[in-house]
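See structure below.
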Amino acid sequence: MTTSLGSRQASGPAAPAAPLRGRRTRGLALLLLAVALLAAAATSIVLGSRDVSWAEVWAGLSGRADGFAEAAVAKRVPRTLLAAVAGAALAVSGLVLQGITRNPLADPGILGVNTGASLAVVSGIAWFGLVSPTSYIWVAIVGAALASAFVWTVGSLGRGGATPLKLTLAGAATAAALSSFVTAVVLPRPDISENVVSWQVGGVGGATDDKVWLVAPFLLAGALLCAWCARGLNMLGLGDDLAAGLGEDVNRTRLLAAAGAVTLAGATTAVTGPIAFVGLVVPHVGRLLLGTDHRWLLPFSAMGGAVLLLVGDVLGRVVVPPSEVDVGIVTALVGAPVLIAVVRGSRVREL
Amino acid sequence: MTTSQPRLEIERLTLGYGDREVVHDLDLVIAPGDVTAIVGPNACGKSTLLRSMTRLLPPRTGRVLLDGKEVHATPAKQLARRMGLLPQSPIAPEGITVGELVGRGRHPHQRVLARWSQADDRAVTAALRATDTLELMDRAVDELSGGQRQRVWIAMALAQETEVLLLDEPTTFLDISHQVEVLDLLTDLNRTSGTTIVMVLHDLNLAARYADHLVALHDGRLHSAGRPHEVLVPELVRDVFGMPSAVIEDPVSGKPLMLPIGRHHVLTRDG
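Protein chains in written order, with the numbering used here: chain R, 1 to 351; chain W, 1001 to 1271.
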């Protein structure tokens, strides 16, 4: 990923070309990732704080929920689906935000987009009597959009425009502030504060089939927008002047792609609460393996994000049985070291 | 590439950023099929003018015309098929390969969902061959030397297959040998494909040697324009750079060669 700092002549260690090249190699890599995704999904259904046998899994999947085990399995199916789509959405959102801002540190969690969505939802519930889950999603998307516009504005202040580090600091500060606002809004309201944690640290434990189906069209719309912009994002990577000189309408691409990324992050947050770092870790690995072409990075990020969130959720379920750790905490544990590694390894530190 | 001669005209153009006006009321006609160099001191509006010619910067007043059609009213992709711009310090995404980067020059010729075509393939191979970077194709751009990298950027501009190519200081940060190499390459391009080349150059003498026409800007206004021997005269250097100088005939090229006159190391001081 490029940083807009300084000239290329002052570059640090040269980044080697991505190891996986050629359509066939990359296609194979995506295929392997798809297999990993299936394996992770299967694990997510089988493993949990309650052990179940394969027979019970089968019974649960085929809709019978007679015993405890079958009921547990039936509950794990929507949970698995939600973890997969949420992970995919967050990773794609992160990838696209990175492309738009030309900033390897962009992530809907780190930049405060998810917390913005979260605050919008709890404010809506507390003050405007928001009840229908569909309205949660709309309000969350609006909150996400406002938060991203705010962070972008603050991060662009001063000399040099929106440099990666300024944007990240603005985002982290905003995320922290908004998170306290969430607490402030929710604490005096015991009716909402029951699940206050899920509005501060996201998880997929509360998944139901209804929730998954409710959020699916939003995620599909966001994903299509992002996919439509794939080639435009490649162009943005060359800098605005060059991209525009090559015939790309940079403002339109940025706006459309941002709309896609914000929809994905906002809608996901409306059902899971804010989950950070998925959008940072997965695209980073993708770029290391596949290089800079968003037409490959998008499907990679979608599947990789799904795998990461599924595995994270399973880990959260089995580390301290019988209780569970929210997947938002697990991704933070995985993601924070990656954030530090990216900052140390790239020219971002030259600021 | 087409053999038709693109007419690039600038009419009463005024440009600026914020409340600062950078180019004032400029009229200029770019000679089609030739190499034009824009010279002038720092911050005289050279780069601003170049950016405006590819519709990156809308004019305050006046207009830029390509074959009589206003550039700023032409759709971006359509314009990018005819006119390319290589900015001064372009940025390459980290880890991108030479082949991939040059391939991105094909963007204006591609539709949103279209696959890579044979025409794309041919254009990229031709561009790599012309710039002698074919063997670098699978290398990462970050790993290359400054001179190699600049040739790769020019390859990308070539892959765009435009009739007009604008370059903002294509030789900055390069060793003198690489500067000459890049200018030779652009001359090859001009002579073999008839591409109209407009470049901003820092070095007056290299500009006078390699350009068919010089355009001298001073404080955002046109000072003089014409053949190198008409433009590069001591009066220009005095007016625009505020420095006395002598101009002799370059024994290598027969073009004018400017020799600066400072306060020291001068045998006879005249003027």
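C-beta atoms are modelled at their ideal positions from N, C-alpha and C, and glycine is treated no differently.
Roughly how many angstroms lie between the CA atoms of W:Pro1006 and W:Pro1032, to the nearest whole one? 6 Å
Chain-order list of residues whose beta-carbon lies under 6 Å from that of R:Leu97 (same chain, five-residue window excluded): Ala106 and Ala261
Taking DSSP as the reference, what is the three-state secondary structure of W:Gly1220? coil
Out of R:Asp313, R:Val342, R:Ile100 and R:Leu339, which one is the CA nearest neighbour of R:Ala40? R:Asp313
Applying the criterion that 16 or more other CB atoms from any shown protein chain within 10 Å of the CB defines a buried residue, is W:His1213 buried or exposed? buried
Got a sec: is the Cβ-Cβ distance from R:Asp241 to anything in chain W below 7 Å? yes
Within the chosen definition, does the segment 297-307 of chain R reach the segment 327-340 of chain R through at least 3 CB pairs nearer than 8 Å? no
Do the CB positions of R:Gly305 and R:Ala144 come within less than 7 Å of each other? no
Any Cβ of chain R within less than 7 Å of the Cβ of W:Leu1085? yes
Bridge partner(s) assigned by DSSP for W:Asp1168: W:Val1200
Taking Cβ-Cβ distances shorter than 8 Å, what residues in chain W pair up with R:Asp293? Glu1100
Could you work out which residue in W:Arg1063, W:Val1035 and W:Val1039 is closest to W:Glu1011 when comparing CA atoms only? W:Arg1063
Neighbour flag for W:Leu1056 against chain R, beta carbons, 7 Å: yes
On a Cα-Cα basis, can you pick out the residue from W:Arg1238, W:Asp1203 and W:Ala1208 that is closest to W:His1218? W:Arg1238
Would you mind telling me which residues of chain R sit closer than 7 Å to W:Lys1077, beta carbon to beta carbon, in chain order? Gly247
Stretch pair the segment 161-178 of chain R + the segment 111-125 of chain R: three plus CB contacts closer than 8 Å: yes
Opening and closing residue of the beta strand (DSSP E) in which W:Val1039 lies: Val1035 to Val1039
Alpha carbon to alpha carbon, what distance is there between R:Gly205 and R:Val320? 15 Å
Same chain, Cβ closer than 8 Å to W:Val1141, five either side skipped, listed in chain order: Ala1092, Ile1096, Thr1097, Val1098, Leu1101, Arg1149 and Val1152
Could you tell me the distance, in whole angstroms, from the CA atom of R:Val343 to the CA atom of R:Arg295? 25 Å
What does the alpha-carbon distance come out to for the pair R:Thr272 and R:Leu146? 19 Å
Hey, does W:Ala1127 have any beta-carbon neighbour from chain R nearer than 7 Å? no
Euclidean distance between Cα positions of R:Val131 and R:Val182: 17 Å
Could you spell out where the alpha helix (DSSP H) holding W:Ala1080 opens and where it closes? Ala1076 to Ala1080
Compare the beta carbon distance of R:Leu219 and R:Gly94 with 7 Å and say whether it is the shorter of the two. no
By the 9 Å beta-carbon criterion, what residues does the segment 275-291 of chain R contribute toward chain W? Arg287, Leu288 and Gly291
For W:Leu1065, write down the residues that DSSP places opposite it in a beta bridge. W:Glu1009 and W:Glu1070
Where R:Phe68 falls, given that 16 or more other Cβ within 10 Å makes a residue buried: exposed
Beta carbon proximity, R:Ala221 to chain W, threshold 7 Å: no
Range covered by the beta strand (DSSP E) that runs through W:Asp1027: Arg1020 to Ile1030
Whole-angstrom C-beta distance between R:Ala120 and R:Ala142, which should lie under 8 Å: Note that residue 142 of chain R corresponds to Val in the displayed sequence, not to Ala. Yes, R:Val142 and R:Ala120 are in contact; Cβ-Cβ is about 6 Å, under 8 Å.
With 16 other Cβ atoms within 10 Å as the buried cut-off, status of R:Leu352: There is simply no residue 352 of chain R to check, as chain R begins at 1 and stops at 351 in what is shown.
On the three-state DSSP scale, how would you describe W:Met1258? strand
W:Ile1248 (DSSP reduced to helix, strand or coil): strand
Would you decide whether R:Pro13 is buried or exposed? Buried here means 16 or more other CB atoms lie within 10 Å of its CB. Residue placement at R:Pro13 is poorly supported in this model, since its pLDDT is 47, which falls under 50; the coordinates still yield a value, given next. Exposed, by the Cβ-count rule.
Give me the residue from W:Arg1060, W:Glu1249 and W:Thr1131 with the minimum Cα distance to W:Asp1019. W:Arg1060
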